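Below is one structure, written out as structure tokens, with a few remarks after it.
Residue numbers (my numbering): 16 to 421.
Put into structure tokens, the structure is as follows:
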């Protein structure tokens, strides 16, 4: 039983970690939120425009898989790794102020590499503070990530007509503040997983351990949908705004903020549900609803505005609401000493899929004649993911998950 001071301390640490994660993750979509300005400033073609978002995803993939292959999140103390990585993210993000288009793509790649040193270790560190209630705790952490990711859209919406550099300054500043928080306040919890030594064979368990493979397959289906929505919701909303007045939430930028930020509510709901009805049912249910929103939203491209707003809001809540639970499942199914490696590899492969989805979605939109039906491209992901989680629920190992046998 955890002593009372530690039980109180874990909620303080949760709050600190959430603030730090929100601060550094604000750099993820900083360039995406100001794409209209950058396209005009640099006369960007479609390929370079797409890579300003996709370079972050690719950098994250390289960073996460590279870290997992050398077991970095299980060897280097997590607060140190997170602090250095957050500082690097702040500097790479600030480089947008001084580089040209090619340099910006490289800077976004470095930003993604740096974020791979924050996101997976933060999840592992949080798990050392929470044995019970881990689903809710990780849900809060992913909720903070979601709010951080939405911040550039909010700054742009509130500062409409103000220099785009303000978005870069704000997001770089929050990342630097996060680095200081990680270095001075964050520490490992009372239930550590233990230190690992270099063993690249542990990475293969993602494929050879059937329960772990199913949890990851569910995550991959989820990731096919998630970041493609976040990356292109502004393009969809801008196209819809042309023929719809009044427009939901006032502007395409504000709708984009609401869609991404509403995911924080979904993360809390997903965490609460998963600790009660099980990770498998929670993840499957969220994906079925979000996949339904992807299939339906095109029908209301021309309105009514209220219906479009409600579907977009529901999609924003459910598309991310299950995310933390896939990671929680990995912490419960993977070998304890290599939880950080398993998380990093799960995310590296999952974000690899996002590179494909983000790249392909605008091409699909062009092929079908516009953004109205573009999100149909994402529907197979959550359907496959839901099937994988329902299959996992039938295995005996599901009892190792929080309420997993239910």
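Built from N, CA and C at the ideal position, the CB exists for glycine as well.
All of these numbers come straight from a predicted model, not from anything done at the bench.
Do the segment 232-252 and the segment 333-349 meet, that is, are 3 or more Cβ pairs less than 8 Å apart? The answer is yes - the segment 333-349 touches the segment 232-252, with three or more Cβ pairs under 8 Å.
Which stretch, first to last residue, makes up the alpha helix (DSSP H) that contains residue 338? First-last of the alpha helix (DSSP H) with residue 338: 338-348.
Under the three-state DSSP convention, the category residue 386 falls into: Of the three classes helix, strand and coil, the one that applies to residue 386 here is coil, per DSSP.
Report the option in 182, 259, 308, 290 whose CA atom is closest to the CA atom of residue 427. With the chain represented from 16 up to 421, any question about residue 427 goes unanswered, as that position is not in the structure.
Less than 8 Å between the beta carbons of residue 167 and residue 146, yes or no? One thing to note: residue 167 has its Cβ no nearer than 8 Å to the Cβ of residue 146.
DSSP state of residue 43, grouped into three classes? The answer is coil: DSSP assigns residue 43 none of H, G, I, E or B.
Would you kindly check if the distance between the Cβ of residue 344 and the Cβ of residue 510 is under 8 Å? Here the chain covers residues 16 to 421 and nothing more, so residue 510 does not appear.
Nearest-angstrom Cα distance between residue 148 and residue 138? Approximately 14 Å between the Cα atoms of the pair.
Would residue 124 pass as a contact of residue 74 if the rule is Cβ separation under 8 Å? Going by C-beta atoms, residue 124 is nearer than 8 Å to residue 74.
What span of residues does the alpha helix (DSSP H) with residue 483 cover, start to end? Past the boundaries of the shown model lies residue 483; the chain is included only from 16 to 421, so the question cannot be answered.
Please name the residue in 383, 372, 403, 388 whose C-alpha comes closest to that of residue 65. That would be 372, whose Cα lies nearest to the Cα of residue 65.
Is the segment 374-384 in contact with the segment 310-320, if contact means three or more CB pairs nearer than 8 Å? As far as the Cβ criterion goes, the segment 374-384 does not touch the segment 310-320, which means the pair count is below three.
Quick one: give me the first and last residue of the alpha helix (DSSP H) that residue 231 is part of. Segment 225-256, the alpha helix (DSSP H) holding residue 231.
Going straight from the alpha carbon of residue 151 to that of residue 161, what length do you get? The alpha-carbon atoms of residue 151 and residue 161 are separated by roughly 15 Å.
Local conformation of residue 312 per DSSP, three classes: Three-state DSSP puts residue 312 in a helix.
DSSP state of residue 266, grouped into three classes? Coil.
Expressed to the nearest angstrom, what Euclidean distance is found between the alpha-carbon atoms of residue 82 and residue 362? Each residue's Cα considered, the two are about 11 Å apart.
Own chain partners of residue 196 with C-beta closer than 7 Å, once the 5 adjacent residues on each side are dropped: The residues are 31, 34, 35.
Buried versus exposed, by CB contacts within 10 Å (16 or more), residue 392: With 16 or more other Cβ atoms within 10 Å, it is buried.
Is the beta carbon of residue 272 less than 8 Å from the beta carbon of residue 192? Their beta carbons are not under 8 Å apart, which means residue 272 does not touch residue 192 by this criterion.
With a 10 Å radius around its C-beta and 16 neighbouring C-beta atoms as the bar for buried, classify residue 251 as buried or exposed. Answer is buried; the Cβ neighbour count reaches 16.
Please tell me whether residue 122 and residue 114 are closer than 8 Å, where the distance is taken between their beta carbons. Yes. Within cutoff.
If we call anything under 8 Å between Cβ atoms a contact, is residue 158 one with residue 298? Not a contact, by the Cβ cut-off of 8 Å.
Close Cβ partners of residue 102 (< 6 Å) along its chain, the five nearest in sequence each way excluded: Only residues of its own chain outside the window of five on either side were considered, and among them 194 have a CB closer than 6 Å to the CB of residue 102, listed in chain order.
Just confirm the distance between the C-beta atoms of residue 241 and residue 267, as a whole number of angstroms; I'd bet it's less than 8 Å. Distance from residue 241 to residue 267 at the Cβ level is roughly 20 Å; contact not present, criterion being Cβ atoms closer than 8 Å.
By Cβ distance, which residues of its chain are closer than 6 Å to residue 412, with the 5 residues on each side in sequence left out? Exclusion of the five residues before and after residue 412 leaves 226 as the residues of its chain whose Cβ lies within less than 6 Å of its Cβ.
Excluding the 5 residues preceding and the 5 following residue 108 in the sequence, name in chain order all residues of the same chain whose CB lies nearer than 8 Å to its CB. Excluding residues within five positions, the ones whose Cβ falls inside 8 Å are 42, 45, 122, 126, 183, 186, 187, 190.
Supposed close pair residue 165, residue 275 - CB separation, criterion 8 Å: Sure, about 4 Å apart at Cβ, within 8 Å.
Same chain only: Cβ atoms within 7 Å of residue 302, ignoring 5 sequence neighbours per side: 236, 237, 337, 397, 400, 401.
When you compare only the Cα positions, how much space is there between residue 347 and residue 326? Each residue's alpha carbon lies about 33 Å from the other.
For the candidate residues 199, 92, 71, 119, whose alpha-carbon lies nearest to that of residue 56? The residue among 199, 92, 71, 119 with its C-alpha nearest the C-alpha of residue 56 is 119.
Where residue 49 falls: helix, strand or coil (DSSP): DSSP places residue 49 outside both helix and strand once states are collapsed to three, so it counts as coil.
Sorry if obvious, but does the Cβ on residue 30 come closer than 7 Å to a heavy atom of the ligand FMN? In the structure shown, the ligand FMN is absent, as is every other ligand, since no ligand is present at all.
For residue 260, does the three-state DSSP call read helix, strand or coil? Coil.
Would residue 80 pass as a contact of residue 270 if the rule is Cβ separation under 8 Å? No, the pair does not count as a contact, with Cβ atoms beyond the cut-off.
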